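Structure, as structure tokens:
In our numbering, the protein residues as written are 212 to 339.
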């Protein structure tokens, strides 16, 4: 019995970290995909309204018509605006600092700017 418990313990110790890395990689991929979905919806929003939502209007403008926007034909997202895979809000900024499109950022696992690995920011301007 002790041998079986030892073998199971070794298996968990060896395989566990690999499973966590795969889960983290899947979350990064999910955040990139969601940012791509936001950018597609924002493109449709701009086609209809002639502009992107302001920073103040944010991604919420993809689901709810802002009071001062004409030609809104949304909703542009099928569901409420999700949080990132780590349950943090996405950061939206327009005008952005990285081109003519809005900046959208997931702050990664730690929810803080910058970081490395899974804690690194996932950004719209590098998603292309």
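Even for Gly, the Cβ is constructed at its ideal location relative to N, Cα and C.
Predicted model only: the values in this text are computed from it and were never measured.
Counting only beta-carbon atoms, is residue i nearer than 8 Å to chain D?
| i | result |
| --- | --- |
| residue 318 | The structure shown has no chain D; it contains just one protein chain. |
Which partner residues does residue i have in the DSSP bridge list?
| i | result |
| --- | --- |
| residue 316 | 302, 334 |
Relative to the alpha-carbon of residue i, which residue among the options has its alpha-carbon at the smallest distance?
| i | options | result |
| --- | --- | --- |
| residue 293 | 236, 244, 234 | 244 |
| residue 335 | 324, 326, 307 | 307 |
| residue 309 | 234, 236, 337 | 337 |
What residues in its chain sit with their C-beta under 7 Å from that of residue i, if we drop five residues either side in the sequence?
| i | result |
| --- | --- |
| residue 356 | Outside the shown range of the chain, which is 212 to 339, sits residue 356, and nothing can be said about it. |
| residue 304 | 266, 313, 314 |
| residue 286 | 273, 274 |
Check whether the segment 271-284 touches the segment 313-328, taking contact to mean three or more Cβ pairs, one atom from each stretch, closer than 8 Å. By the criterion of at least three beta-carbon pairs nearer than 8 Å, the segment 271-284 is not in contact with the segment 313-328.
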